[in-house]
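Chains as they are written, first to last, in the numbering used here: chain A, 2 to 268; chain B, 2 to 317; chain C, 2 to 262.
Virtual Cβ for every residue (Gly too), placed ideally from N, Cα, C.
Accompanying notes for the structure given below.
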């Protein structure tokens with residue numbers, strides 16, 4: 002993220018570096034299954050509570066449970082913890098090791114991110130199956146597959162969002178609170194505490210434009226078959242792409258300013 | 002004192018079977034360790050890594066409950082950890098100089114310690130002034146514990162422990178990681194404290210300088226057993242039947258020196274000879290008469306060498 | 002008495018240390034308010050769609066949320082700092098040794114000596130929400146209901162502490178288990194009336210892992226008056242959990258000082 006890929010080599014090399022990093026990190030994280038399990042539990046809690054609440058409000062509507070099981074899966078598959086994997090490196094100074102390597106620092110962060118997501122997915126699927134079974138949910142393969150494009154962009158978007166927030170660690174020690182704040186926005190406007198369709202009118206309109214729905218609710222809505230026709234999906238994709246552009250730009254700017262500050266002040 | 006450690010073979014089959022049918026091996030950490038300390042004694046407790054020093058210290062302070070045997074410290078059974086007992090001992094570990102919250106300042110922690118150990122206010126003030134001066138704490142008092150360097154932490158840790166004037170001190174590697182100045186301060190302080198208050202001190206250290214400067218008596222354990230208990234210089238004499246004669250004689254003839262003893266070092270007119278203990282007097286007399294000697298000194302073999310020999314070969 | 006003095010000393014030092022970082026303090030206050038508003042927004046969104054959530058009206062739910070906020074604040078202030086410290090630092094790094102050698106009950110030192118006074122900001126917010134909820138409710142609780150409510154809160158706090166100790170105790174046998182995160186996650190389940198959960202889970206939350214006690218029972222007591230059939234088992238249950246925690250702690254400590262690995 003520091004400079005165009007050309008400065009370090011061709012895009013293919015970057016992809017290869019990321020792939021190698023993912024492999025390494027997947028192995029490294031396998032020893033911490035207990036910790037990963039706690040992450041999964043934290044991740045599934047929001048969707049599960051939402052499912053209980055809204056199933057109590059509309060006991061007859063089975064699409065709610067379907068939506069929340071899909072949301073649960075999307076949540077575990079797109080969790081981002083850059084406030085730990087990245088910001089802590091700034092706090093304890095170990096980011097200096099990464100700075101000395103001939104590759105963009107963000108490659109390590111991305112590798113860790115995807116490795117953790119892989120583990121969380123593996124561990125989250127049984128919980129989703131259990132919930133689906135308990136609430137009599139039927140997800141169709143066709144709908145799930147049709148959610149792939151919005152899911153991929155949504156996953157990218159949530160990484161960019163948390164990574165951007167984590168970059169504030171260059172300036173403040175309260176990055177965990179900041180990310181916590183981001184998380185509150187996510188669950189409020191992203192479709193966790195209530196499916197977007199249940200939000201009051203004006204709030205719903207705002208939430209549709211903001212990036213949070215694109216990270217969680219949109220992929221879940223599509224996978225649950227609650228979005229009808231192509232146009233809303235295309236609109237969603239457009240919003241996602243636009244937000245990714247915005248966040249990547251801010252991340253690059255923040256990184257440049259932050260690293261300047263870091264190298265001047267010293268660790 | 003024995004530890005029960007689960008054992009497990011290699012391979013999946015063994016691993017699985019150990020889940021259901023766990024086998025244990027009794028690991029004796031300390032066996033038949035028996036010694037007594039008189040009040041006011043300062044004793045060095047040494048032995049190679051894994052000899053059982055820390056385990057013994059933990060038993061003596063009450064952190065571990067010995068599986069068999071008898072332990073009495075100040076007339077208490079340590080493992081009961083009675084308040085009255087805990088208020089009279091201190092266990093200071095170089096690896097963890099200060100426990101508790103690292104966010105608080107040294108002064109805050111000292112005040113908390115006063116409440117915890119019920120030190121009367123007047124005594125607290127007096128002790129604090131004294132410790133502040135002896136340990137040069139003035140600049141540290143307002144700083145957070147976590148911001149202190151290792152040497153500073155050790156000084157703070159000492160102050161925290163000595164605030165309540167313990168009668169028995171267990172020092173486990175107190176100079177671990179300290180620089181020369183830090184280690185010297187530490188040693189001088191412990192020696193002064195023991196002398197002034199008549200406290201009993203048991204000290205483990207890998208640095209023989211600690212032991213040599215502080216402890217007239219030595220207990221050496223290995224494999225959980227006491228190998229030697231007695232005066233430090235006797236151990237040296239027993240283990241090292243040689244002394245070193247260091248002399249400066251610019252014009253001496255090397256062949257001449259070789260006749261006097263085993264030449265182990267030679268540089269710029271300074272020579273070091275290894276001479277059997279019983280021959281030292283005769284040899285030095287001869288060297289002084291036969292050579293033009295500018296300077297001559299008789300030294301014990303370095304303690305490190307002696308102790309290393311004891312660890313490797315045992316005490317005869 | 003001495004324990005109270007120690008507790009007071011520790012608390013005031015932590016408070017001073019916390020207040021020293023004014024920006025962080027401001028940050029925490031702002032975040033607490035945002036978090037609370039997010040929760041209130043949830044209630045608002047739910048009741049925009051329905052009049053009754055598993056038999057609870059909107060104002061009742063506000064009182065419930067306020068009560069949950071009170072206990073969460075107390076948990077964050079007095080229990081979490083100790084609980085999250087314990088397995089990693091206390092057992093794995095052996096820092097429990099320090100406490101064992103101090104002349105005060107080890108259980109007190111390990112489970113209550115640390116605190117995070119800044120988290121009490123949420124307490125004030127919780128009281129405010131309860132006040133607003135009650136004023137909308139129409140009728141003030143009787144003094145008896147108020148007294149019984151306080152009693153249930155104390156019982157809830159006791160159970161919260163005891164469950165924390167029980168979870169921490171597991172570290173004596175399995176040092177790698179870090180259960181405070183699960184505790185925190187499960188705790189979130191108490192944010193809503195436990196009546197919304199389906200039967201097996203509801204039974205677990207009532208009897209086995211009594212999160213019903215955190216908000217649902219106190220709120221019911223405050224709004225609908227004390228009922229002996231609820232109060233007596235609550236107090237008895239709290240006392241029992243407390244005893245259980247102390248017993249487990251003693252067993253764990255015996256194992257720890259017995260040095261079986």
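Asked: Contacts around residue 106 of chain B, its chain only, beta-carbon distance under 8 Å, and the 5 residues preceding and following it disregarded; Found: 142, 143, 144, 145, 146
Asked: Rounded Cβ spacing between residue 140 of chain A and residue 224 of chain A (contact assumed at less than 8 Å); Found: 7 Å
Asked: Proximity test, Cβ basis, 9 Å: residue 1 of chain C and chain B; Found: Nothing in the structure corresponds to residue 1 of chain C, since chain C is present only between 2 and 262.
Asked: At least 3 beta-carbon pairs within less than 8 Å: the region 199–211 of chain A vs the region 116–133 of chain A; Found: no
Asked: Sufficient close CB pairs (3 or more, under 8 Å) joining the region 107–120 of chain C to the region 48–61 of chain C; Found: no
Asked: Runs of alpha helix (DSSP H) lying entirely within the region 57–97 of chain B, each at least 4 residues, in chain order; Found: 84–87
Asked: Sequence-distant residues of the same chain with beta carbon closer than 6 Å to residue 155 of chain C, five excluded per side; Found: none
Asked: Buried versus exposed, by CB contacts within 10 Å (16 or more), residue 24 of chain C; Found: exposed
Asked: Contacting positions in the region 45–71 of chain A - beta carbon closer than 7 Å to chain C; Found: 46, 50, 53, 54, 57, 58
Asked: Contact set between residue 10 of chain C and chain B, taken where Cβ atoms lie within less than 8 Å; Found: 112, 113, 116
Asked: Whole-Å CB distance - residue 205 of chain B paired with residue 58 of chain B, under 8 Å assumed; Found: 7 Å
Asked: Best match in C:131, C:214, C:197 for proximity to residue 238 of chain C [C-alpha to C-alpha]; Found: C:214
Asked: Simplified DSSP state of residue 194 of chain A, which is helix, strand or coil; Found: coil
Asked: Under the three-state DSSP convention, the category residue 309 of chain B falls into; Found: helix
Asked: Amino acids of chain B, ordered along the chain, whose beta-carbon sits closer than 8 Å to that of residue 277 of chain C; Found: Here chain C has residues from 2 to 262 only, and residue 277 of chain C is not among them.
Asked: For residue 110 of chain B and residue 174 of chain B, the rounded distance between their alpha carbons; Found: 23 Å
Asked: The region 192–222 of chain A: positions lying closer than 7 Å to chain F by Cβ; Found: Although the question refers to chain F, the structure presented lacks it and instead comprises the protein chains A, B and C.
Asked: Residue closest to residue 161 of chain C, alpha-carbon to alpha-carbon, out of C:185, C:176, C:149; Found: C:185
Asked: First through last residue of the alpha helix (DSSP H) which encompasses residue 277 of chain B; Found: Looking at the DSSP string, residue 277 of chain B is not in any alpha helix (DSSP H); the run it does join, the beta strand (DSSP E), is 271–277.
Asked: Contact list for residue 88 of chain B against chain C, beta-carbon separation under 8 Å; Found: 104
Asked: Spatial neighbours of residue 259 of chain A in its chain, beta-carbon cut-off 6 Å, leaving aside the 5 residues before and after; Found: 168, 171
Asked: Opening and closing residue of the beta strand (DSSP E) in which residue 266 of chain B lies; Found: 263–268
Asked: Reduced DSSP category for residue 144 of chain B - H, G, I as helix; E, B as strand; rest coil; Found: coil
Asked: From B:168, B:177, B:297, residue whose alpha carbon lies closest to that of residue 153 of chain B; Found: B:177
Asked: Per-residue contacts from residue 61 of chain C into chain A (C-beta, under 9 Å); Found: The contacting residues do not exist; residue 61 of chain C stays about 14 Å from chain A at best.
Asked: Neighbour flag for residue 17 of chain C against chain B, beta carbons, 9 Å; Found: yes
Asked: Contact list for residue 6 of chain C against chain B, beta-carbon separation under 7 Å; Found: 116
Asked: As assigned by DSSP and simplified to three states, the class of residue 226 of chain B; Found: strand
Asked: Cα-Cα separation between residue 195 of chain A and residue 50 of chain A, rounded to whole angstroms; Found: 10 Å
Asked: Beta-carbon separation (whole angstroms), residue 44 of chain B vs residue 216 of chain B, contact threshold 8 Å; Found: 6 Å
Asked: Cβ pair count under 8 Å reaching 3, the region 222–229 of chain B against the region 75–92 of chain B; Found: no
Asked: Alpha-carbon to alpha-carbon, residue 72 of chain B and residue 203 of chain B; Found: 15 Å
Asked: Contact check, residue 246 of chain A vs residue 74 of chain A, beta carbons under 9 Å; Found: no
Asked: Cβ contact check for the region 50–69 of chain B and the region 126–137 of chain B: 3 or more pairs under 8 Å; Found: no
Asked: Beta-carbon proximity list for residue 102 of chain C, same chain, < 8 Å, skipping 5 on both sides; Found: none
Asked: Straight-line gap, residue 47 of chain C to residue 58 of chain A (C-alpha atoms, nearest Å); Found: 8 Å
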